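A.B. asks: If you read the sequence shown in our numbering, its first letter stands for residue 1320, the second for the next number, and so on.
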Amino acid sequence: MLTVKTIVENTFSKWGEAISAEVGDNYSMENSSVINSLPYASLYFLGLPGNSYDLEGDEGTVMPTLQVDIYTNGQRALTKAYEIDAVSHKTLVREMGYRRTAGPELIQSTDPSIKRLVSRYSRVVGFGDTI
């Protein structure tokens, strides 16, 4: 049975395993404003609202929604950000059934040498589903 905890843990561990090939250990599940080393990627959950309910008000399905932030700098920073995004996207969409609902969007930083791409994903999870 999937719980909020297992949805979050399974998504992050599969994503982290794939993204570590691109960013090493520089990834997390936090939306941090302080980043020590680039390239860096974060995946954090924006929420897990119910999507459908039975007559008693119990959730029939939930819809995990998450955001991926990718930070790079140096030569070819934007190209590298899109390369990391491609790995992230493939893992979330093809391996876990999420769909991109926004992005990848380039967010301007106060430091023009740092490139930040933001994408949002969601999927419907019902009884018997796996991630």
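Glycine included, C-beta positions come from ideal geometry on N, C-alpha and C.
Here the structure is a predicted model, which means the values were calculated and not measured.
If you follow the beta strand (DSSP E) that Tyr1401 is part of, which residue opens it and which one closes it?
C.D. replies: Careful: Tyr1401 lies outside any beta strand (DSSP E), inside the alpha helix (DSSP H) at Ala1396 to Lys1409.
A.B. asks: In the DSSP assignment, find the alpha helix (DSSP H) that holds Asn1329 and state where it starts and stops.
C.D. replies: Run containing Asn1329: Val1323 to Val1342, per the alpha helix (DSSP H) assignment.
A.B. asks: Which residue comes first and which comes last in the beta strand (DSSP E) that contains Asp1388?
C.D. replies: Run containing Asp1388: Thr1384 to Thr1391, per the beta strand (DSSP E) assignment.
A.B. asks: Give the straight-line distance between the Cα atoms of Asn1355 and Ile1403, rounded to the nearest whole angstrom.
C.D. replies: Those two C-alpha atoms are separated by around 18 Å.
A.B. asks: To the nearest angstrom, how far is the alpha carbon of Phe1331 from that of Leu1397?
C.D. replies: Cα-Cα distance, rounded: 24 Å.
A.B. asks: Flag this pair as yes or no: are the beta carbons of Arg1413 and Ser1441 separated by less than 8 Å?
C.D. replies: No, the pair does not count as a contact, with Cβ atoms beyond the cut-off.
A.B. asks: Just tell me which of Glu1328, Thr1325, Ser1438 and Glu1349 has its CA closest to the CA of Ala1405.
C.D. replies: Per the Cα distances, Ser1438.
A.B. asks: Check the DSSP bridge columns for Thr1380 and list the partner residues they point to.
C.D. replies: Paired residue(s): Ser1371 and Gly1445.
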